[in-house]
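K.L.:
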Amino acid sequence: MNTYSTELIHKALNHFFGYDEFRHSQLAIIQSVLKGEDALAIMPTGGGKSICYQLPAVIMPGIAVVVSPLIALMKDQVDALTANGIRAAFLNSSQSAEEQQQVVKSAQSGELKLLYIAPERIPANSSLFFDFLRRLNPSLFAIDEAHCISSWGHDFRPEYLKLSVLKKEFPAVPVIALTASADALTQKDIATRLDLQNYKLYLSSFNRPNIKYQILPKKNTISSIIDYIKQHRNDNGIIYALSRASTEEIAGKLYENGINAAYYHAGMDATERSRVQEAFQKDVYKVIVATIAFGMGIDKSNVRYVIHHDVSKNIEGYYQETGRAGRDGLPSDAILYYSQGDIMKLRKFAQIEDNPQQSAISLRKLKLMQEYCENEGCRRQFLMNYFGESFPAYCGNCDYCLSSLEEKDATIDAQKLLSAILRTGERYGAHYVVDVLRGSAAEKINPQHKELKTYGIGKDRKKEEWLWILQQLVNNGYVTKSDDEHARLAVSEKGWKIIKGEAQLRLVMKKPVIVQQVQYDTEYDIRLYEKLKDIRKDMADKDNVPAYAIVADSSLIELATYMPVTFEELKQISGFGDYKTSRYGARFLAAIGGHLKSFNIESRMNLKKNKIVKKEKSVKPAAGSTMEVSLNMLKEGMSIVEIAEERGLAASTIESHLAAFVAAGELEVTKLVTENKLKAILAAAKMTGQHTATKPIRDILGDDYSYGEIRFVLEHLKRQMQ
Ligand code: ADP
Ligand code: ZN
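This is the structure in structure tokens:
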């Protein structure tokens, strides 16, 4: 068996792919494949799975056989490899018999380093297939989207089962299974069905720090989407919708508003689908409105936003779809429009006839999706916890973390709502109750209800605000909701206390989200960037490949930042391996040279050395940020109340600033909470059996403990448990 040095592996990464560093566990996975071991690699979408088998493929003698169900993706992968000077081809049903014959011939003659095969190309008589493989002298087998072999996975494909004897037929050839599907059951099932031997499991972090998660209420959704797209005219994006009809409808509305959008769903014929997909890859369409059928085959690295017009069925799907944004590592948005009505709809779909077990699983997953949307806390933390990773309560790049919160007394509002529920006889749902409260003239309002004292007393607030407060009442058990589709509201015993003035309701209200512009870590010359983009588009059209297969947007940004002028300098730019440098370099360099001359500026390659920015594990608020101002004032001996007064901010805002430092391990919890209270809160947290929600703990401890204090301790606790 050959051994390969780490140095050689690094050199190959740089030479063939033009990257400086490995991501996640890429290096470990590659080393294990090179040693001939089987491996199961779980990495999020965009994490960089391909290199895990492509790099061993170029180093090892023989040909790597890659099984992948994604026909559209295959062509992209092969194009991208070819653009890197690596010989690769694919076999799938999109080709003519002659084309396939040609590929078989070049594979057998040993010209290729990688051969991609679609599972449906594996003949029913698999011994023929294995004979063919034997003639190829395979170096390794890579099973992409490996969850397709498991009926536990979300995309079971029976053809994949033909692979289960692969290991018996080729015991000496390493098998690497790759997937972005995280759950443990599926993982085990993959290993069993592929018969992996003494395999190593590689789990990479699922965090995608460059994606900003945002959830908006589902109202005026289309015009909100149109506004967003207009503000991001030059960006590519995907809009997911639940039904085929609504993709067409939304695309139509976008089109009427001057946005060049296309739709995509499984009801279209195959040629039309691949036409749309290809046009999107090539930036002909900037926006695609699609059902979730779209994207399995999308390997576009510069998708800047993913918008969910409807709520997803489960977090796995949602996360996979949002993961199609920002594969190039640049700041990207994931926006979801949330309504409880969507949850109701999905609840119906989740019931599978004659399969109570499957229905229960689907309903549970949907419930978690709902919790994610309604959760009050960092979105990323919720997602990471869902995938079994711990994460601090502050990520700094989700709507929750970017907005500040304030706690307000909402007792009067609550009394108004509760009274409206009672006086309409506890027989109506949220919308009706709120309409009565706001004095709606609609016909559906019972004339008797128009005579009520509560009719119209809530005109001062918008409907959405009332619905939101009502939701908080439901979440906190003041109001109950019937389980049927009517979702009738009723006042609980706890709710009566508010009506009688025996209890108060304090709500954490969200201030409007302040959208924080995410900065690139370097400044780039936008004029040059646009010029380079044009050049890339021209090259792409000539080679008939998508633009990002030439180089990624992030590489162009680097070019426009540092402006290399020699081939040697160009090689230092991420994405420029030896092959790309020699094939495409001259034109880029000429453009940069011309740009420098005409604007009389100098190359900034001298700054490049300092460029590598190491990502920090625990997210610590930036120096000079508003959060740090609060911290410094605390260090000067001011109390939270004093800081809040001085800064004109709510005390709860100051608390959330400080909590972020506790989470990042920068501030001792004992600086904020007395020893005794610390003990009491820890004990209460233990009793509630959780360490995310402050409310249950406060319910145990009572009013002497502030939410802020509880939050500090929970952050401290979570940090200790990491
Ligand atoms: P996955 O298959 O896991 O979804 P890909 O293999 O398509 O992800 O990789 C996503 C993107 O990241 C690609 O554009 C790829 O070229 C890039 N990439 C992968 N590994 C690295 C690395 N070590 N450094 C920089 N970019 C990388
Ligand atoms: Zn966050």
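Counting from 1 along the sequence shown, just add 7 to a position and that's the residue number in the numbering used here.
All C-beta atoms, glycine included, are put in the ideal place defined by N, C-alpha and C.
For clarity, every value in this text was computed on a predicted model and none was experimentally measured.
1. According to DSSP, is residue 699 part of a helix, a strand, or is it coil?
2. Taking 7 Å as the limit between beta carbons, can you name the residues of its chain near residue 35, skipping five residues before and five after?
3. I want to check one thing, is the minimum distance from the CB of residue 155 to the heavy atoms of ligand 2 below 8 Å?
4. Which runs of the alpha helix (DSSP H) fall wholly inside the segment 458-499 and span at least 4 residues, in chain order?
5. Could you check whether the Cβ of residue 326 sits closer than 8 Å to any heavy atom belonging to ligand 1?
6. Which residues bound the alpha helix (DSSP H) around residue 348?
7. Any heavy atom of ligand 1 closer than 8 Å to the CB of residue 121?
8. Cβ of residue 734 versus every heavy atom of ligand 1: is any distance shorter than 8 Å?
9. Can you tell which of 717, 231, 237 has the C-alpha that lies nearest to the C-alpha of residue 676?
10. Is residue 403 near ligand 2, judged by its Cβ being under 8 Å from some heavy atom?
11. Over the uninterrupted alpha helix (DSSP H) stretch that includes residue 602, give me the two end residues.
12. Can you tell me which of 700, 688, 165, 204 puts its alpha carbon nearest to the alpha carbon of residue 183?
13. Using the three-state DSSP reduction, which class does residue 333 fall into: helix, strand or coil?
14. Report the rounded CA-to-CA distance for residue 39 versus residue 45, giving the unit in angstroms.
15. What did DSSP end up calling residue 520 once you bin it into helix, strand or coil?
16. Say the cut is 8 Å; is the CB of residue 387 nearer than that to a heavy atom of ligand 2?
17. For residue 313, list the residues DSSP reports as bridge partners.
18. Figure out for me which residue from 59, 52, 237, 141 has the closest Cα to the Cα of residue 302.
19. I'd like the ranges of any alpha helix (DSSP H) spanning at least 4 consecutive residues and lying wholly in the segment 9-39.
20. Considering only DSSP beta bridges, list what residue 47 is partnered with.
21. Considering residue 536, what are the terminal residues of the alpha helix (DSSP H) in which it resides?
22. With a Cβ-Cβ cutoff of 9 Å, do residue 25 and residue 580 count as a contact?
23. The beta strand (DSSP E) with residue 98 in it runs from where to where?
24. Could you tell me if residue 340 is buried or exposed, where buried requires 16 or more neighbouring beta carbons within 10 angstroms of its beta carbon?
25. Examine the Cβ distances between the segment 245-257 and the segment 315-335 and report whether three or more of them are shorter than 8 Å.
26. Out of 128, 609, 423, state which residue places its alpha-carbon closest to the alpha-carbon of residue 463.
27. Measuring straight from C-alpha to C-alpha, what distance separates residue 477 and residue 357?
28. Please name the residue, chosen from 573, 460, 230, 400, that lies closest to residue 700 on a Cα-to-Cα basis.
29. Using the C-alpha atoms, what's the distance from residue 233 back to residue 253?
30. Consider the Cβ of residue 488: report whether some Cβ of chain B lies at a distance smaller than 9 Å.
31. For residue 138, is the classification buried or exposed, using 16 other Cβ atoms within 10 angstroms of its Cβ as the cut-off for buried?
32. Rounded to whole angstroms, what is the Cα-Cα separation between residue 488 and residue 278?
33. Among 48, 666, 169, which residue has its Cα nearest to the Cα of residue 778?
34. Please tell me whether, using a cut-off of 8 Å, the distance from the CB of residue 756 to the nearest non-hydrogen atom of ligand 2 is below it.
35. Using beta-carbon positions only, say whether residue 737 and residue 299 come within less than 9 Å of one another.
36. Using only the alpha-carbon positions, how far apart do residue 224 and residue 345 sit?
P.N.:
Answer, in terms of the structure:
1. For the purposes of this step, residue 699 is taken as residue 692 along the sequence shown, with counting starting at 1. In this structure, residue 699 counts as coil in the three-state DSSP scheme.
2. Taking the sequence shown and counting its residues from 1, one reaches residue 35 at position 28. Hits under 7 Å: 209.
3. Taking the first residue of the sequence shown as 1, we reach residue 155 at position 148. No, the Cβ of residue 155 stays beyond 8 Å of every heavy atom of ligand 2.
4. 470-482
5. Against the sequence shown, residue 326 aligns to sequence position 319. Answer for residue 326: no, Cβ out of range of ligand 1.
6. As a first step, residue 348 must be located in the sequence shown, where it is residue number 341. Per DSSP, residue 348 belongs to the alpha helix (DSSP H) from 347-357.
7. Position 114 of the sequence shown, counted from the first residue, corresponds to residue 121. Residue 121: no, Cβ never under 8 Å from ligand 1.
8. Residue 734 cannot be examined here, being either before or after the span of the chain that is shown, 8 to 729.
9. Against the sequence shown, residue 676 aligns to sequence position 669. If we check each option's Cα against that of residue 676, 717 comes out closest.
10. The sequence position of residue 403 within the sequence shown is 396, counting from 1. Yes - ligand 2 has a heavy atom lying nearer than 8 Å to the Cβ of residue 403.
11. If you number the sequence shown from 1, residue 602 lands on position 595. It spans 585-606 - the alpha helix (DSSP H) in which residue 602 sits, taken as one unbroken run.
12. Walking along the sequence shown from the start, residue 183 turns up at place 176. That would be 204, whose Cα lies nearest to the Cα of residue 183.
13. By one-based count along the sequence shown, residue 333 stands at place 326. DSSP places residue 333 in coil when its eight states are reduced to three.
14. In the sequence shown, the residue the question calls residue 39 occupies position 32. In the sequence shown, the residue the question calls residue 45 occupies position 38. Roughly 7 Å between the two C-alpha positions.
15. In the sequence shown, residue 520 corresponds to position 513, counting from 1. Because the pLDDT at residue 520 is just 37, under 50, the model does not fix this residue reliably, and the point stays unresolved.
16. Looking up residue 387 in the sequence shown gives position 380. At least one heavy atom of ligand 2 is nearer than 8 Å to the Cβ of residue 387, so yes.
17. The sequence position of residue 313 within the sequence shown is 306, counting from 1. DSSP lists 245, 341 as partners of residue 313.
18. On the sequence shown, residue 302 is found 295 positions in, with the first residue counted as 1. For residue 302, the nearest C-alpha among the options comes from 52.
19. 13-19
20. Reading the sequence shown from its first residue, position 40 is the one you call residue 47. Answer is 184, 208, bridged to residue 47.
21. Indexing the sequence shown from 1 puts residue 536 at position 529. 533-550 is the span of the alpha helix (DSSP H), which, as asked, contains residue 536.
22. In the sequence shown, counting from the first residue as 1, residue 25 sits at position 18. In the sequence shown, counting from the first residue as 1, residue 580 sits at position 573. Yes, the Cβ-Cβ distance between residue 25 and residue 580 is below 9 Å.
23. Locating residue 98 in the sequence shown gives position 91, counting from the first residue. From DSSP, the beta strand (DSSP E) with residue 98 extends over 95-98.
24. Start at 1 with the first residue of the sequence shown, and residue 340 comes out as number 333. Result: buried.
25. yes
26. As a position in the sequence shown, residue 463 is number 456, starting the count at 1. Checking every option, the nearest Cα to that of residue 463 belongs to 423.
27. Within the sequence shown, residue 477 is the residue found at index 470, counting from 1. Within the sequence shown, residue 357 is the residue found at index 350, counting from 1. Approximately 26 Å, taken between the alpha carbons.
28. Translated into the one-based positions of the sequence shown, residue 700 becomes position 693. Selected option, being the one with the closest Cα: 400.
29. For the purposes of this step, residue 253 is taken as residue 246 along the sequence shown, with counting starting at 1. For the purposes of this step, residue 233 is taken as residue 226 along the sequence shown, with counting starting at 1. Cα to Cα, the separation comes out at about 15 Å.
30. In summary, chain B is missing from the structure at hand, where a single protein chain is found.
31. Locating residue 138 in the sequence shown gives position 131, counting from the first residue. Flag for residue 138 reads exposed.
32. To locate residue 488, count along the sequence shown from 1; it is residue 481. To locate residue 278, count along the sequence shown from 1; it is residue 271. Cα to Cα, the separation comes out at about 48 Å.
33. Outside the shown range of the chain (8 to 729) lies residue 778, about which nothing can therefore be said.
34. Here the chain covers residues 8 to 729 and nothing more, so residue 756 does not appear.
35. Here the chain comprises residues numbered 8 to 729, so residue 737 is not present and cannot be evaluated.
36. As a working note, residue 224 is residue 217 in the sequence shown. As a working note, residue 345 is residue 338 in the sequence shown. Whole-angstrom Cα-Cα distance: 5 Å.
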